[in-house]
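Comments concern the structure below.
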Amino acid sequence: MKKVLLLNKSQITSWVNKLIENYEVFAPVKEDEHFCFKQIDSGDEVVLSYNNSKIPPKEVLFPRSEKLFCYNYEKDSVKLTEVIDKNKKVILGVRPCDARSFLLLDNVFKNEKYQDPCYLTRRNNTVLVGLGCNQPAVTCFCTSLGGGPFSTEGLDLLLVDIGEQYVVEVLTDKGQTLLSEINLPPATEEQKEAARQVKEGVSLVSHVNLEGLKDKLDVNFYSPIWDLIHEKCLGCAACTYSCPTCHCFDIVDEAEGNDGCRIRNWDACMFPLFTLHGSGHNPRPTGKERFRQRIMHKFKYFVDNFNVIACVGCGRCIINCPVNLDIRKVLTELQGLEVRSDKP
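Right under this line is the structure:
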């Protein structure tokens, strides 16, 4: 049976300061009018009274830009230098939807064909401390994807806010190790009941019916609906860069003289250059094809490959879209398709 402990909110700062001695600690901090995950130098920087971050903590494990390796030419030989990040990390205050997104990304970076050492080393060296959602946003629909405001999937610890204290659910040995620096008492039955009531008192206003959607996408690649459903999209990629499961990237070599590094940068399927061939041909020449690709990838192709939808219902793409293109409405419209072949 998992341990259930009690953490006073007044202990957070001192606990985090102890963690910083042995880990790189990433936590939600406020920047201007929004919250984001940043590496912190002091427990005083942590803000756990937040709804959700503008950008997901995905970039801790899958950075926006990272060196894969460096190289040096010496006469007829090439010397490669490993630059894999092996530092131990803690991501504090992760929402359950973001923790679940890491499980989805694991399929991409560790599968039968490919194992990415940069991602996997960070992943194995990172401890996830979750924070349950007492007040989900109106744009959240995680329960439609199999998650929930207090889901423990993928987490090492889960904090449940019951007022002046957190009920701490210890889920893994890594999570238990993280608590070794502080002596937390077991939660009482009364405190466990308070946590249970908090969980039961939270409900989402958004729900999306995804039953049978893949069957419809399987046979509606050429449907006329794509001619209309994409029209509001600007192709700005705000949705993809704020998505915790999007993982498109580009690889470039940056060199000077005999020295250089191979660098991986975030990219987006919403950009025209993403699929532009050297010949000048582009198989996705307009916004229609690019928008269709985004939807098909998350709700069909990823399911084909890994038997799970590549969306966690965090709602960031809804919040950040400058033209209010709502993925929930898109999916509802697609549910109106018939299951029939549409090949021209």
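Our numbering numbers the first residue of the sequence shown as 1499 and each following residue consecutively.
Using N, Cα and C, we set each Cβ at its ideal position, and we do this for glycine too.
Exercise for review: Put Thr1784 into one of helix, strand or coil per three-state DSSP.
Suggested key: coil
**Study point:** Exposure of Gly1776, with buried meaning 16 or more beta-carbon neighbours within 10 Å
**Key:** exposed
Exercise for review: Could you give the DSSP three-state label for Ser1547: helix, strand or coil?
Suggested key: coil
Review point. First and last residue of the alpha helix (DSSP H) that includes Cys1595?
Key: Its alpha helix (DSSP H) spans residues 1594–1607.
Check your understanding: What alpha helix (DSSP H) runs, 4 residues minimum, are completely inside the segment 1750–1796?
Key -> 1785–1794
Practice item. Look at Lys1556 and Val1545 and say whether their C-beta atoms are less than 7 Å apart. Key: no
Point to revise | Option nearest Lys1827 by Cα separation, candidates Cys1616, Val1502, Leu1726 | key: Leu1726
Practice item. Check Ile1589 in the structure and name its three-state DSSP category. Key: strand
**Study point:** Where His1705 falls, given that 16 or more other Cβ within 10 Å makes a residue buried
**Key:** exposed
Check your understanding: From Asn1550 to Gln1695, what does the alpha carbon distance come to, in whole angstroms?
Key -> 22 Å
Point to revise | Option nearest Leu1602 by Cα separation, candidates Phe1535, Asp1751, Leu1829, Gly1644 | key: Gly1644
Point to revise | Whole-angstrom distance between Val1717 and Leu1504, CA atom to CA atom | key: When rounded, the distance between both Cα atoms is 52 Å.
**Study point:** Glu1580 in three-state terms, based on DSSP
**Key:** strand
Point to revise | Neighbour-count burial assignment, His1779, 16 or more Cβ in a 10 Å radius | key: With fewer than 16 other Cβ atoms from the protein chains shown falling within 10 Å of its own Cβ, His1779 counts as exposed.
Exercise for review: Can you have a look at Ser1740 and say buried or exposed, based on whether 16 or more other CB atoms are within 10 angstroms of its CB?
Suggested key: buried
Point to revise | beta strand (DSSP E) runs wholly inside the segment 1508–1577, at least 3 long, in chain order | key: 1522–1529, 1532–1537, 1563–1572
Review point. Under a Cβ-count criterion, where at least 16 other Cβ atoms within 10 Å of its own Cβ denotes burial, should Ile1807 be classed as buried or exposed?
Key: buried
Practice item. Would you list, in sequence order, the uninterrupted beta strand (DSSP E) runs of no fewer than 3 residues that lie entirely inside the segment 1611–1664? Key: 1624–1629, 1655–1659
Review point. If you draw a straight line from the C-alpha of Gln1633 to the C-alpha of Asp1751, how long is it?
Key: 45 Å
**Study point:** Local Cβ density within 10 Å of Pro1783, reported as buried at 16 or more and exposed below that
**Key:** Pro1783 should be labelled exposed.
Check your understanding: Which of helix, strand or coil does DSSP assign to Asp1824?
Key -> coil
Point to revise | Proximal residues to Asp1596 (C-beta, below 6 Å), its chain only, five neighbours per side dropped | key: Pro1554, Pro1555, Pro1742
Review point. According to the neighbour-count rule (16 or more other Cβ atoms, all chains shown, within 10 Å of its Cβ), is Tyr1571 buried or exposed?
Key: Its Cβ having fewer than 16 others within 10 Å, Tyr1571 is exposed.
**Study point:** Simplified DSSP state of Glu1698, which is helix, strand or coil
**Key:** helix
**Study point:** Straight-line gap, Phe1560 to Lys1536 (C-alpha atoms, nearest Å)
**Key:** 14 Å
Exercise for review: Please work out which residues of its chain come closer than 6 Å, Cβ to Cβ, to Leu1626, disregarding the five sequence neighbours upstream and downstream, and give them in chain order.
Suggested key: Ile1589, Val1592, Ala1597, Leu1653, Asp1654
Check your understanding: Got a sec? Which residues, its chain only, sit under 7 Å from Asn1672 by beta carbon, not counting five neighbours each side?
Key -> This sequence places Lys at residue 1672; Asn is not what is there. In its chain, beyond the 5 residues on either side, Val1625, Asp1654 have a beta carbon closer than 7 Å to the beta carbon of Lys1672.
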